[in-house]
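Asks: Residue numbers for the sequence shown follow this note's numbering, beginning at 3 and rising by one.
Every residue, glycine too, gets a C-beta built ideally from N, C-alpha and C.
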Amino acid sequence: MTTIAGYYRKCVTALSAILRSEGEGAAAASIIFEDAAGMSRTYIFANGDRELGEYAQGKIDRAIAKVEAGEPVQYAVGKAQFMGNNYEVSPAVLIPRPETAGLVDRITDAFGSRRDLRVLDIGTGSGCIAISLARALPFAQVTGVDISDDALAIARRNAAALKANVDFEKLDILSARPPESARYDIIVSNPPYICRSEESEMEDRVLLHEPSQALFVPDNDPLLFYRAIAVYARKALSPGGGLFFEINSRFPSEMKALLESEGFADIDIARDYLGNFRYAIATQPLP
3 MTTIAGYYRK CVTALSAILR SEGEGAAAAS IIFEDAAGMS RTYIFANGDR
53 ELGEYAQGKI DRAIAKVEAG EPVQYAVGKA QFMGNNYEVS PAVLIPRPET
103 AGLVDRITDA FGSRRDLRVL DIGTGSGCIA ISLARALPFA QVTGVDISDD
153 ALAIARRNAA ALKANVDFEK LDILSARPPE SARYDIIVSN PPYICRSEES
203 EMEDRVLLHE PSQALFVPDN DPLLFYRAIA VYARKALSPG GGLFFEINSR
253 FPSEMKALLE SEGFADIDIA RDYLGNFRYA IATQPLP
């Protein structure tokens, strides 16, 4: 008899070898078991002596084969976890990163007491930021925009699955005209920010599978998207409204200078939980 615990240990060993990390191997095994067999790590430990059926074994084996072929485990199972919720993902959207949760936390810390908020998430991808904010700020009107139709379709399905009230629209921020008057109290974005010269430092699992248009910017203009969003935000944000970015840790001083040049106030370049510069926060000045 093949037991749940025995097969789980076998998968952890195999995935640890593939990913060259015991911690990542255990995390990947947990993701795959939950998707393929509906078994959480708690369930596995409590019911490890029970038999694991052949159908579940087959699903688990197929997912591991995809990871062995170089596919990120989140794409192999079609889902990723962010702030305690499962999101549908595919190569059309970036896999949510834990650092991005810090961006959501900073917004809810700053605006959590408000009930009349209008929020815009630029480059929404899977919708994880917009949906997390809609769930944390239930009285907010949240809009997510993206240039990709495929990403927007996934974001809409995620919002429906998580019962989050978010409007999703197509928008190319690089060519978008700012509105004539203020529409939002919060604008947030985790735009493309990795320079092409940084590709050599990245894993093939990212380079070969995640969408390059959501990752990369030219070396000669690394703040391309931030500049466009800042110009848009100066028109679109209400007085006292907040602008929140996830940023490339290589450019903290450049980000501060950009936001200063566009006329924002209370600029803060903050670190993530790993100690890296990761967030830029600014305020639309009062009249």
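Rounded to whole angstroms, how far is the Cβ of residue 153 from the Cβ of residue 94, which I believe are closer than 8 Å?
Replies: With 8 Å as the limit, residue 153 and residue 94 qualify as a contact, their Cβ atoms being about 5 Å apart.
Asks: To the nearest whole angstrom, what separates the beta carbons of residue 5 and residue 53, a pair I think is in contact under 8 Å?
Replies: Right, their Cβ atoms sit about 6 Å apart.
Asks: Measuring straight from C-alpha to C-alpha, what distance separates residue 143 and residue 261?
Replies: Their backbone Cα atoms lie some 25 Å apart in a straight line.
Asks: Mind pulling the alpha helix (DSSP H) runs of 4 or more residues that sit fully within the stretch 121-180?
Replies: The qualifying runs are 130-138, 151-163.
Asks: Run the CB neighbour count on residue 172, radius 10 Å, all protein chains shown included, and call it buried at 16 or more, exposed below.
Replies: Under this definition residue 172 is an exposed residue.
Asks: Which same chain residues end up closer than 6 Å to residue 272 when comparing Cβ atoms and leaving out the 5 residues on each side of it in sequence?
Replies: Cβ neighbours of residue 272 beyond the five flanking positions: 281.
Asks: So residue 58 is in the beta strand (DSSP E); what residue range does that whole segment cover?
Replies: Note, residue 58: premise wrong, no beta strand (DSSP E); alpha helix (DSSP H) at 56-70.
Asks: Consult DSSP for residue 77 and reduce its assignment to one of helix, strand or coil.
Replies: Residue state, collapsed to three classes: helix.
Asks: Is the distance from the Cβ of residue 231 to the Cβ of residue 191 below 8 Å?
Replies: Result yes, Cβ atoms of residue 231 and residue 191 sit closer than 8 Å.
Asks: Evaluate the contact criterion for the stretch 121-132 versus the stretch 66-74: three or more CB pairs, one atom per stretch, below 8 Å.
Replies: With a cut-off of 8 Å, the stretch 66-74 and the stretch 121-132 do not count as touching, because too few Cβ pairs lie within range.
Asks: What does the Cβ neighbour count give for residue 51, buried or exposed, with the cut at 16 atoms within 10 Å?
Replies: It counts as exposed.
Asks: Following the continuous beta strand (DSSP E) through residue 285, name the residue where it begins and the one where it ends.
Replies: Taken as a continuous stretch (DSSP letters only), the beta strand (DSSP E) holding residue 285 covers 279-285.
Asks: Kindly give me the distance between the Cβ atoms of residue 238 and residue 181, rounded to whole angstroms, as I take these residues to be in contact under 8 Å.
Replies: Residue 238 to residue 181, Cβ: 5 Å. Contact.
Asks: Considering residue 240, what are the terminal residues of the beta strand (DSSP E) in which it resides?
Replies: Here the beta strand (DSSP E) through residue 240 covers 239-248.
Asks: What three-state label does DSSP hand residue 266 in the structure shown?
Replies: Residue 266: coil per DSSP, three-state reduction.
Asks: Mind checking who residue 272 pairs with in its DSSP beta bridge?
Replies: Answer is 281, bridged to residue 272.
Asks: Would you mind reading off the limits of the beta strand (DSSP E) that contains residue 208?
Replies: Residue 208 -> not in any beta strand (DSSP E); alpha helix (DSSP H) instead, spanning 206-209.
Asks: Keeping to the same chain, check which residues put their C-beta closer than 7 Å to that of residue 17; ignore five residues upstream and five downstream.
Replies: The answer, listed in chain order, is 27, 30, 31, 66, 69.
Asks: Would you mind reading off the limits of the beta strand (DSSP E) that contains residue 90?
Replies: Where residue 90 is concerned, the enclosing beta strand (DSSP E) stretches over 87-90.
Asks: Among 267, 224, 266, 241, which residue has its Cα nearest to the Cα of residue 250?
Replies: Selected option, being the one with the closest Cα: 224.
Asks: Count Cβ pairs between the stretch 206-214 and the stretch 128-144 that sit closer than 8 Å; are there 3 or more?
Replies: No, the stretch 206-214 is not in contact with the stretch 128-144.
Asks: Between residue 244 and residue 78, is the Cβ-Cβ spacing less than 8 Å?
Replies: Against a cut-off of 8 Å, the Cβ pair of residue 78 and residue 244 comes out as no contact.
Asks: Among all the DSSP beta bridges, which residues are the ones paired with residue 82?
Replies: Partner(s): 89.
Asks: I'd like to know whether the C-beta atoms of residue 46 and residue 10 end up nearer to each other than 8 Å.
Replies: Against a cut-off of 8 Å, the Cβ pair of residue 10 and residue 46 comes out as a contact.
Asks: Of all the options 145, 129, 149, 187, which has the alpha carbon lying nearest to the alpha carbon of residue 118?
Replies: Closest option to residue 118, Cα to Cα, is 187.
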